[in-house]
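Encoded as C-alpha cells, the structure appears first; notes follow it.
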Amino acid sequence: MDSTGIVIGFWVLSAITVVSSLLVLVARNLMHALAFLVLAFLGMAGLFITLSADFVAVAQVLIYAGSISVLMVFAVMLTPLASRDNGNSLYVLPGVVAGLGIASLVAFVAVDTEWAERTGAALAESDFASTVGEVGRLLLGRYVLAFEVASVLLLIGLLGAIVLVQERRRAATQSPDEAADTGARDGGAL
Amino acid sequence: MASHAFEVDQTGTGSAEPFVLNIGPQHPSTHGVFRLRVVMDGEIIRDLDMIVGYLHRSMEKLAEERTYTQNIPFTDRADYLAAMTGNLGLALAVERMTGVESPDRAEYLRVIFSELQRIASHAMANGTLVSDAGAWQTPLLYMFREREKILDLFEMTCGARLTTNYMRIGGVAFEPPAEFWPALQELLDELPERTDEYAQLLVDNEIFLARTRNVGIISAEDAINASLTGPALRGSGVPWDLRKAEPYCGYENFDFDIPVGKVGDVYDRFMVRMEEVKQSVHIIRQAVEQIPPGPHKNDIPLALRPEPGEIYSRIESPRGEIGFYLVSDGTPAPYRFHLRSPALINLSLLRELGEGASLPDAVVTLGSIDIVLGEIDR
Amino acid sequence: MNLPGGDEVTVTLAHYLVVSGLVFGIGTTIALSKRNAIAVLMGIELMLNAVNLTLLAFSRFSSAFPAGEEPLSGHAFVVFVLTVAAAEAAIALAMAVLLYRRRETVDLDRVNLMRW
Amino acid sequence: MSEQPLQAPIRRPATPMLRQIEDRPGLKEMALGVPFGLKVIGAIMGLGALVLMAAVGYLVVDGRLDGQWYDVRDLGHAVAGLRDWLDGEGVDHRLTWLITGALGGLAIMSIVGGWLLIGSWVERRVIAKFQIRMGPNRTGLFGLLQPIADAVKLMTKEIIIPRGADRFLYYIPPVLVFVPAMLGWAPIPWAPNMAYMDINVGVLYVVAISSIGVLAIFLAGWSSNNHYSLLGAMRTVAMMISYEIPISLALLSVVLLTQSMQLSEIVAFQGHYHVWMIAIIPFAAFAFLFASTAEINRSPNDIGEAESEIVAGFYTEYSGMKAGLFMAVELAHAILVGALMATFFLGGYTLFGLEEWVPGYLILAAKIGAVYFLFVWLRGTLPRFRLDQLMGFAWKFLIPLGIIQAFIVAIEASVFVRVDAPAFITLGAFAVVNLASTVVMVRFWADRLGYAPAQHATKPELTNALGGLKAAQRLRS
Amino acid sequence: MLAQPVAEALERALPGMVVSSNDEWVEVAPDRVEEALRWLHDSEEFDAAQLSNLTAVDRYDHFEVVYHLQSLDLNHQIAVKALVHEHDDPVIPSAYPVYKGALLQEREVYDLMGIRFLNHPDLRRLLLWEGFPGHPLRKDWMGMVGDHTSGLAGFPYEDKDAPIRPINADNLVPGIGPGGQGH
C-alpha cells in the first residue's frame, strides 16, 4: 500500500470528522446531532484505518456507531419532551473558550514539538500488519490485570444500568402513596 | 401452556408517554372499514375505542319502504360473507309471520346451502385469522381454495357468488342444475382431508400455538353475559347452537355435534370453526342422501301482507345468532325491520379484551371474533 | 505523494494530533455548553474518540519506544477506552432516563439539587 | 340424493377458476411445439457445450489451467493477470489499483443487482406455488420481466413526504440502509483468490457493518412522524441489538474452531477437512440462521414490518422508489445472509473437491440460492412471532446456550490444536459431542424455563348437550 | 315460552312492575326496567342469562323498547317491553348493569332512535357521526314528499286500482331518495 491512499484518506476523513463534530455542536435538533455524531464516529474509524489499526477501527464501528449511538437513540426516545432540543446552556462562552483553548494548545504542542517519528521504510514496515493477534496477546499478557478490571467495570456498568432503570418497576407495584414517596425520595437523591 | 416460557413481562417497559394510534379504517387487519382508536403505552394497549359506521347504509330505514320479498337482497349485503344464512333468516322470519309454508325439498336445499355457506365463511374467518397472526397469506389462500369451489357451486345454482339472493319466502329461488350434485359430491369427498391438511400446517405449528393460546381469553360467564353467540360463545365452552336449540328447516333430523372449546382463547375459537366445518360436511352428506324430490318453491303473493303483529326470529349464522325483529302493520312493507347483528354484538367485550393486551394480541383477538363490516354497519 | 508542483506531501504525527486536538476541543465545547444531558454525553464521547486517535497515532508513528515496550500498546489502550466508553454510556444514559422520569426534564441547568 | 332435478338448468355452467389453471399447457406441450430449426440449433449448441466441457476437463486434469488468467474457476486470476498486464504496460500502479478496485466493486454491485431482479421474481413465483396461485406470468417469458416492470412502476409513482416529517433525516435512510447490504459483501470469498477485500478481521467486520443498518431503520421510523413507523423502528432496533449477541456468539464458535477471523481462512478450513461447520456446531448454525432472520426482518421474525399489525412498520410513510429501496434491501439482506451462512457454516465455495472442477463462485451462488429458498419457504409457511416472545427467545434461550456452546467449542479448539490425531477423528468426535451437548442443553434449558412443546394440540370437545353456563361447567369438569 | 307466567311471577316478586302482558310479551314499568331485568336474570326459574336482542320501535307518540331475553340452560325466550311515552327526549334506564351485551345495542338504539339510556357508561352514537341531524329510524325523521309518511301502503303491481301518485317535477325533491306511497 502506498501512501497516496493514506494521504487522501486522511484529509477527507479528517474533514468529515471535524465538520460533523462541529455540526453536532451547531445542530438544533438532537436527532440531527445524533446523526452527525454517528458520521463523526465513522470518520474516526476511517482515520483509524489510515493508522493501520484494523481491529480497533472495526471495534470502533461496532461499539460507537453500532451500540452507543443506538443507546443514545433509546435515551432520546425515552425522553420525548427533551428529544428535539439541543439548546445551549448558560455556559456557552466558557465552553467555547475552553474548547478553543484546548484545541489550540494541543495543535501548538503538536506542531511545535520535534517528535521522534518513524518515517519511510520504518513506517511502511507496520503497514497493515494483522494487529488482532498482537493486541490479543497484549491484552491477555501484559495488560491482563487491566483487562480483568475492565471486564469487571463492564459488569458493574451493566448491573448499574439495570438497577437504575428498573427502579420504576418496583415503584409501580407499590401502592400509589408509596410510589409517590419513593419517587420523591429518589428524586431528592438526584 | 405452550407459550409462556419465552414471554417477557412487558408492564412497565413503556416509559414513553402514551400515544394514540388509529388502527383503521384502512388497515390490513381490520377486515374492512373498521377503526380502532387505541391509546398505547409502548406496545401495550391502555385504552381502546371502536369506531364503526363507515359502511352504514341505513338498511333498516330503507327496509321500511320495501316489501318483504324486496328486502331479501339487503340481507345479502349485510353479512356479505354469509349471504345464504342472511337470506334464510329473513325468509324464515316472514314465513313464521305469515304462515307461508315451504316445500320439503326447499328445506333440504336450504340446509345444504346454508351449511356450504358456513364452510365458506369459516374458511374465510380462519384464513384471515392466520393471516393476522402473520402467516403471509398462505393458509388464507389454502382456505380460499375450498371457498372458491363453494362459490362456484353457488354460481352454478343462482348465478351469483357473493350476494346470492337465493332463499325466498316459501322456498328457494332455483333448483340446482344437474352438474351441481357431482360437483358437490367431489367437494364433500375432499373437504375432510383438506381440513386435516390445514391442521397439519397450523395446529401442529409451535409459532401459531404460541400466538393464539391463552390470548384473548373470554370466560363462559362473560361470553353469555355479553350476548356473544356463535363460535365466539362456543369457543368459551358454552354448548349453544340455535340449530339444536330451535331447530329450523329440519335440522332436528340431522345428526351433528356442537364443538366447544376449553379455555375460551383465540385458539379455541379457531378450532371450533375448524370442527364446525367437519360437522357441516357431515350435515350436508345427510341432506344430500335424504333430499326428497318435489317442487323447490311455493307460489306466494307478490306482496305479502302479514297480520299486524311482531316476530323475533333467529337462526344460526356462521357468526352467531342472526335475528330479525319484524313489526307488521298490515301493509306490504314492514313497519319496523331490525336485524340483530351477531358480528356487532360479539364486539361487546372488545374493550375489555383489548386493555392490557399487546398490539399483536389485540389484532389476533379481533381476527378470532370474525367481524363482517357489512353486518356491523348495515 | 507528490503534488502537481512537485512538493512532497506526507501525513505525519502532527497532522493526526491536530485533528485530535480539534475534535477534543469541539467535544469539550459540547460537553460544557449543552443543556441536554444526552448532548453532553455526545460531547464526552467525542472527547474519548479524540484521545483514541491520539493513542493510535503515537502507537503508529512514535519510534521512541524503550526496549521491551510494545508499539501496539496504544491499540490495547484504545480497547480499554472503548470498554470504559461503553460502560459509561450505558450508565449515563440510564441516569438520563431516570432523571427524565423523576424530573420530567433532562435539562442540566434545571437539575440543581446538588448545589449547596 | 334426488334422481332428476325438476327444473331444467337455465344458468350458465360454472367456470371454476382452478380448472382454468389446471388446463394450461404444460412444459411438455410447449417443448413439443418448438419449430424444427430451433431444435437443430439447440442440438448444435448442446454438442458444442459438451466439446467445450471436455476441453476444459482436459485442461484441468493436465494442470495447465492453474493460475492462468483464463482460468475461469477463479476470477481472481483474471484480475491478477489484468494487474500484471497493466504494470507491464507501464501504467502507474495507483491507477491499476484504482481500476481493479472499481472492477471488483462493480462486480459486487452487479451481482447484488442481478440477484435483486431474479430473487424477487423467484420469491414471488415460489410463494405463488406455495399458495396455489400462478404468480406473475404476464410480463415477458414466465413473467421474468416483472421485477423491471415493478421498478418502473415504483419509479414513476409520486414521492409523498408526510407533513411534519423531518425532511433532512427522511431522505437519508433509503440510501443508508443499502450501505451495509453492499459493504457486507466485501470480505466474502467467491473462490480461493476471489475476495474483494480479504481483511483479517472479516468476522468482526461483518458484525460491525450489520450494526450500521440499525441506525438507518431507526432514522426512517423516527423521521416519518408516524406512530406505525416509530413502533416498527423501535421493534426493529430492539430486535437487532438483541440478536446481534447470538450472532456474535455463533460466529465466536466458528472463529475459535478455525483459529481465524479471516473469511477465506474459515472457508479454507472447511475445504481442507472436507467438513461443513454446520455439522460440527449445529447449534451455532441454527442460532446464526434464526438470529439473522430477526436481524434482517424476514419471516417468521418480521415483526418490524408486521403487515397485519403496524402496516409496513418503519417504512409505512415511504412511497415510490423509496419504499421500493426498502423492499429491495430486504432481499439484498436475505442473499447477504445466505452468503454469510454459506461461508461460515456450509463450506463457502468448496463442495468436497468439486471446486477443483466447477467454478467456486457458482458453488457459492448455488448455496446462497439454497439458503434464499429456505427463507422464501419460511416466509410462505410460518406465522409471525410476537415481539416479547422473540426478545425472550434471544435473551433467555439463544444467549445463555450460545455462551455454553462457545465454552464447549473453546475446549474443543484447544484440544484440536494440541492433540495430534487425524482430523476426521477429532472433528467427528467434536460433531458428536456438540450434537449431544446441544440436545442436552436444549432439553434441560427448556425444562428449566417451563417450556413444553405442544405436540398434541387440544381439539374442541364434541357434545350433543345443549345449554348455558351450567352445561359449560358440566362439560369442563 | 308464554309470557303470562313470567308476568305473574314478576308481579309477585316486584309489585307494580308489570304494566300489561299477553302471550307474547310482558310490558314493564319503564323506569324500573333495570330492576325487572335483574330479577329475571337472577331468578332460578327463568334464568334469563343472555340479552339476546335489544331494539326499539317508534309508534309516533311513544317508543317501545324491546328486550329479548334468552335462557341458555332452560332454552326459552322471554320478550320484555317498556313503553316510553315521551317522544321528544325519551329516557329509559340502561340494561348495561345487568347485561354487558347491552353496550353496543343501546348505543345503536340511541343513535338511530334517539332514546337515552341512563347509567350507560359510554352513550355515544355508534353508526352515524357525531353531529348527524336527528335520529333516522324515527318515523318523523325527515319530511317526506308532500304529506306522505314513511312506509309502503300499497303495492302498485298488485293494487292496480289504487291511486298512484303522478310523478312530476313538483313531487321530486332531490336528495331525499325513495319514499312516498306507491310510486
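Chains as they are written, first to last, in my numbering: chain A, 1 to 190; chain B, 191 to 568; chain C, 569 to 684; chain D, 685 to 1161; chain E, 1162 to 1344. Ideal Cβ positions, reconstructed from N, Cα and C, are used throughout, including at glycine.
Within 8 Å, strictly: CB atoms of residue i and residue j
| i | j | result |
| --- | --- | --- |
| Met1178 (chain E) | Ala1190 (chain E) | yes |
| Ala653 (chain C) | Leu616 (chain C) | yes |
| Asn536 (chain B) | Ala422 (chain B) | yes |
| Pro532 (chain B) | Gly510 (chain B) | yes |
| Phe1278 (chain E) | Pro1258 (chain E) | no |
| Ser992 (chain D) | Ser548 (chain B) | no |
| Asp447 (chain B) | Gly425 (chain B) | no |
| Gln954 (chain D) | Gly1031 (chain D) | yes |
Whole-Å CB distance - residue i paired with residue j, under 8 Å assumed
| i | j | result |
| --- | --- | --- |
| Phe1036 (chain D) | His958 (chain D) | 5 Å |
| Leu1153 (chain D) | Asp1234 (chain E) | 7 Å |
| Thr50 (chain A) | Leu640 (chain C) | In fact, because the Cβ distance is near 16 Å, the residues do not count as touching under 8 Å. |
| Asn1236 (chain E) | Leu1150 (chain D) | 7 Å |
| Leu614 (chain C) | Val591 (chain C) | 6 Å |
| Asp455 (chain B) | Val405 (chain B) | 6 Å |
| Thr288 (chain B) | Pro496 (chain B) | 5 Å |
| Arg358 (chain B) | Ile235 (chain B) | Not confirmed; about 45 Å, so no contact. |
| Leu1167 (chain D) | Pro846 (chain D) | Any question about residue 1167 (chain D) goes unanswered here, given that chain D covers just 685 to 1161. |
Minimum Cβ-Cβ distance from residue i to chain E less than 8 Å
| i | result |
| --- | --- |
| Lys1051 (chain D) | no |
| Gly868 (chain D) | no |
| His221 (chain B) | no |
| Val235 (chain B) | At residue 235 (chain B) the sequence reads Ile, which differs from the Val that was named. No - not a single Cβ of chain E is within 8 Å of the one on Ile235 (chain B). |
Residue i at chain A interface by Cβ criterion, 8 Å
| i | result |
| --- | --- |
| Val619 (chain C) | no |
| Ile925 (chain D) | yes |
| Leu940 (chain D) | no |
| Ile659 (chain C) | yes |
| Ile612 (chain C) | no |
Any C-beta of chain D under 8 Å from that of residue i
| i | result |
| --- | --- |
| Asn1183 (chain E) | no |
| Ala1210 (chain E) | yes |
| Leu1233 (chain E) | yes |
| Ala98 (chain A) | no |
| Ser21 (chain A) | no |
Any chain B beta carbon closer than 8 Å to residue i
| i | result |
| --- | --- |
| Leu1159 (chain D) | yes |
| Leu1163 (chain E) | no |
| Val1218 (chain E) | yes |
| His1255 (chain E) | For the sequence presented, residue 1255 (chain E) should be read as Ser rather than His. No - not a single Cβ of chain B is within 8 Å of the one on Ser1255 (chain E). |
Coil, strand or helix - residue i by DSSP
| i | result |
| --- | --- |
| Asp239 (chain B) | strand |
| Asp412 (chain B) | helix |
| Phe1278 (chain E) | strand |
| Glu1225 (chain E) | strand |
| Glu511 (chain B) | strand |
| Arg669 (chain C) | helix |
| Trp1061 (chain D) | helix |
| Met1158 (chain E) | In the structure as shown, chain E starts at 1162 and stops at 1344, and residue 1158 (chain E) therefore has no counterpart that could be examined. |
| Thr257 (chain B) | coil |
| Glu1196 (chain E) | helix |
| Arg169 (chain A) | In this prediction, Arg169 (chain A) scores a pLDDT of 48, lower than 50, which makes its location untrustworthy; the coordinate-derived value is nonetheless stated afterwards. DSSP places Arg169 (chain A) in helix when its eight states are reduced to three. |
message = Below 8 Å, how does it come out for the segment 90-107 of chain A and the segment 643-651 of chain C: are there three or more Cβ pairs, yes or no?
response = no
task = Taking 8 Å as the threshold, find out whether the segment 1081-1098 of chain D comes into contact with the segment 962-979 of chain D through three or more Cβ pairs.
result = yes
ask   = Do three or more CB pairs link the segment 1042-1062 of chain D to the segment 1017-1029 of chain D at distances below 8 Å?
value = yes
query = Taking contact to mean at least 3 C-beta pairs separated by less than 8 Å, is the segment 429-449 of chain B in contact with the segment 282-302 of chain B?
reply = yes
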